[in-house]
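Heads up: take any position in the sequence shown, counting from 1, add 112, and you land on our numbering. Glycine included, C-beta positions come from ideal geometry on N, C-alpha and C. For clarity, every value in this text was computed on a predicted model and none was experimentally measured. Inspection log for the structure reproduced underneath, given as structure tokens.
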Amino acid sequence: MCGIVGYLGNKESLPIILNGLKRLEYRGYDSAGIAVYNGSTIACCKSKGKISKLEKNLDKRKNLIGSLGIGHTRWATHGEPNNVNAHPQFSNSNDLCLVHNGIIENYSTIKQKLSKEGFTFKSETDTEVLVNLIEYVKNKENVKLGEAVQIALNQVIGAYAIAVIDNKKPDEIVVAKLGSPLCIGVGNDEYFIGSDVTPFIEYTKNVVYLEDGEFAIIRNHKDTIYRKIVNDKIISPIVSKLELSLDKIEKQGFDHYMLKEIYEQPKAIEDTLRGRLNISKGLIKLSGVDDYINKFLSANKITIIACGTSWHSALVAEYMFEKIARISVEVEYASEFRYRDPVVEKNDIIIAISQSGETADTLAAIKLAKSRGAFVYGICNVVGSSIARESDTGSYTHAGPEIGVASTKAFTTQMTVLYLMAVKLSKSKGIISEKIFQKYLYEISKIGDYVHKTLATNNEIKKIAKKFLKSKNCLYLGRGYNFPIALEGALKLKEISYIHAEGYPAAEMKHGPIALIDKDMPTVAIATNKINYDKIVSNIQEIKSRKGKIIAIVSEGDKEVKEIADYVIEVPDSIESITPFITVIPLQLLSYHIALLLGKDVDQPRNLAKSVTVE
113 MCGIVGYLGN KESLPIILNG LKRLEYRGYD SAGIAVYNGS TIACCKSKGK
163 ISKLEKNLDK RKNLIGSLGI GHTRWATHGE PNNVNAHPQF SNSNDLCLVH
213 NGIIENYSTI KQKLSKEGFT FKSETDTEVL VNLIEYVKNK ENVKLGEAVQ
263 IALNQVIGAY AIAVIDNKKP DEIVVAKLGS PLCIGVGNDE YFIGSDVTPF
313 IEYTKNVVYL EDGEFAIIRN HKDTIYRKIV NDKIISPIVS KLELSLDKIE
363 KQGFDHYMLK EIYEQPKAIE DTLRGRLNIS KGLIKLSGVD DYINKFLSAN
413 KITIIACGTS WHSALVAEYM FEKIARISVE VEYASEFRYR DPVVEKNDII
463 IAISQSGETA DTLAAIKLAK SRGAFVYGIC NVVGSSIARE SDTGSYTHAG
513 PEIGVASTKA FTTQMTVLYL MAVKLSKSKG IISEKIFQKY LYEISKIGDY
563 VHKTLATNNE IKKIAKKFLK SKNCLYLGRG YNFPIALEGA LKLKEISYIH
613 AEGYPAAEMK HGPIALIDKD MPTVAIATNK INYDKIVSNI QEIKSRKGKI
663 IAIVSEGDKE VKEIADYVIE VPDSIESITP FITVIPLQLL SYHIALLLGK
713 DVDQPRNLAK SVTVE
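So, in structure tokens, the structure goes:
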């Protein structure tokens, strides 16, 4: 997690770094800090808590004036969130200053070694250990900062994205990456550092994405040096052009990013379909599938790996691939897949899903699968991300930046790509007729309209939310395609309201959870008339007989559930495989309104970060 920012150029660095940290705060908000070379020394200001607190403290500091600086917003791993453990961290001499995203796994061993050499430590962080290791190497080997960083990192086990400055080299920033994202914005005689591109999109469209195992020595008025950490090999960087615009990362009149992103879903789905769906020509174009269609059709096994909300989209895809394309699919948590010695063979396909494209467990699982000869198809939202680069091929979702920590539009656009894949493979296998294929194309084209119409239930959902503010637990039930949506609805409630919730297949309720049902525990039941309707009606009746409260998501025109449920939210009617796109919308809105009414921080819920780049 964590976000790092840096600047070297001809402007005042403080406002650039501060603004960059605000844009990266979704990556962690336990503490924040900024360090600036002010002409004589590296001045620093850092605070426990969110960047707004840091900003207040900065108003009292007048010595952070200079054109070289680094900043950090923290999601705590080693050491509790406090001022001492906040980044940047300094070396014992105070000459070196470092910000870090990642985990140094062997920091304890290094710390013991450095302690024997006379180094002392103020914080509990692995970051302070790393900056002192660099200083130790620099002094012992009598080398420049760049070489010292390189030598030190070859002694390190773990993941990192770092930026280091030296009080004695005020025209230089050294950066390096392994397992955590880092990019360099290349401007006109100025350079920007970021965990992603958002800190500098208004300053330059030229960006270099560092690959794993690379470091760069960024120098003022000189060419940047790019090298491999392990063997010192010189690298010729690829300069990419950004297509992201500033307005995409602003709230645009919404109170919260999450609400904005919920309402952006029709447009995000449309953008994801653009150029891929052609009804008039009867085509689905997915270059990643088109170019490797024989691999997909001859694969021994397809395994989908993901974490969190992306894992729920993978579960929906399992239904899509098996019901529509008749292809057997396994869905795995990336974190479990990489550690249980999975059976992976050369004719297997791995579909890896990640909003950020930087999820550490998913990235590690990809590398494991590739080492065993599997073909990897990546689905992610961020252009140039690590997973996009590590995959053999894949598809971007085109959801646009998702700033709210609780994922919404990333989820529906992931399902959109997966739906296209399932239908395309079904057609390629010859198991559906042209008529049915055209029906699928038409329904896919209507997803955005269905979602837009469902968003009109917002005011009704807000009223329902007021009734359940005192609930301590909540049960979500779904069947078939909507079982993963029950899981996703429960996750959203947990993430932003801190109310305990569980998602269950409706039929499994009788195998334990029904014991929890009483008047104080509401149940959200997804009861569209396309998926085992009679069965889930029976489940609802069982809950009502035990005085449980029911919030039901039903298809337009429903009569039976309306007579039983306490609260009903009607959504557009559609074919079975489209319902997940529709039924998830009320659950996103319900979570949002409950959290808001409870006074919770909707966009930055406690203990969470947007991109999980550490184990």
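Closer than 7 Å by C-beta to residue i: which residues in its own chain qualify, once you throw out the five before and the five after it? Chain order, please.
i           : result
residue 595 : 617
residue 282 : 149 and 180
residue 507 : 398, 400, 491 and 529
residue 467 : 422, 492, 493, 514, 519 and 522
residue 538 : 436, 437 and 544
Take residue i and list the residues in its own chain whose beta-carbon comes closer than 6 Å to its own, dropping the five residues that flank it on each side.
i           : result
residue 442 : 415
residue 523 : 421 and 425
residue 250 : 260
residue 231 : 204 and 244
residue 485 : 458
residue 145 : 158, 184, 198, 199 and 200
residue 366 : 372
residue 155 : 148, 175 and 176
Using 8 Å for Cβ pairs, my map puts residue i next to residue j. What's the rounded Cβ distance?
i           : j           : result
residue 305 : residue 296 : 6 Å
residue 461 : residue 411 : 5 Å
residue 530 : residue 429 : 4 Å
residue 187 : residue 238 : About 13 Å; that fails the 8 Å criterion.
residue 111 : residue 641 : Only positions 113 to 727 of the chain appear in the structure, and residue 111 is not among them; the question remains open.
residue 736 : residue 201 : Because the chain in this structure spans residues 113 to 727, residue 736 falls outside the shown range and cannot be described.
residue 320 : residue 349 : 5 Å
residue 135 : residue 114 : Contact doesn't hold; Cβ gap of about 14 Å is too wide.
residue 289 : residue 275 : With a Cβ gap of about 10 Å, residue 289 and residue 275 do not count as contacting.
residue 76  : residue 391 : The shown model of the chain, from 113 to 727, leaves out residue 76, and the question about it has no answer.
residue 527 : residue 378 : Contact doesn't hold; Cβ gap of about 14 Å is too wide.
residue 330 : residue 287 : 7 Å
residue 301 : residue 121 : 6 Å
residue 509 : residue 384 : 5 Å
residue 117 : residue 182 : 7 Å
DSSP beta-bridge partners for residue i?
i           : result
residue 413 : 460
residue 201 : 210
residue 585 : 612
residue 114 : None, per the DSSP bridge assignment.
residue 157 : 146
residue 293 : In the DSSP output, where bridge partners are listed per residue, residue 293 has none listed.
residue 278 : 208 and 281
residue 272 : 214 and 291
residue 185 : 115 and 144
residue 400 : Residue 400 pairs with nothing; no bridge assigned.
residue 229 : In DSSP, residue 229 forms no bridge with anything.
residue 590 : 617
residue 418 : 445
residue 340 : 326
In or out: residue i buried (at least 16 other Cβ within 10 Å) or exposed?
i           : result
residue 585 : exposed
residue 197 : buried
residue 512 : buried
residue 395 : exposed
residue 560 : buried
residue 612 : exposed
residue 333 : exposed
residue 127 : exposed
residue 469 : buried
residue 711 : exposed
residue 581 : exposed
residue 554 : exposed
residue 335 : exposed
residue 448 : exposed
residue 450 : buried
Excluding five sequence neighbours on each side, which residues of the same chain lie with their C-beta closer than 8 Å to the C-beta of residue i?
i           : result
residue 245 : 222, 226, 264, 267 and 268
residue 653 : 676
residue 569 : 681, 682, 683, 697, 698 and 701
residue 703 : 518, 601, 604, 605, 607, 608 and 609
residue 503 : 464, 478, 488, 489 and 490
residue 253 : 259, 260 and 263
residue 351 : 298, 318, 319 and 320
residue 280 : 207
For a cutoff of 7 Å on Cβ pairs, would you count residue i as touching chain B?
i           : result
residue 187 : The question asks about chain B, but that chain is absent: this structure has only one protein chain.
- prompt: If you scan the stretch 343-379 from start to end, which runs of the alpha helix (DSSP H) of 4 or more residues do you find wholly inside it?
  reply: 369-375
task: Pick out the complete beta strand (DSSP E) segments inside the stretch 464-507, 3 residues or longer, and give them in chain order.
output: 487-492
message: For a minimum of 3 consecutive residues, which ranges assigned as the beta strand (DSSP E) are wholly contained in the stretch 619-697?
response: 635-639, 662-667 and 679-683
field: Runs of beta strand (DSSP E) lying entirely within the stretch 314-338, each at least 3 residues, in chain order
entry: 318-321 and 326-331
query: What are the uninterrupted segments assigned as alpha helix (DSSP H) that are 4 or more residues long and contained completely in the stretch 542-578, given in chain order?
result: 546-557, 559-566 and 570-577
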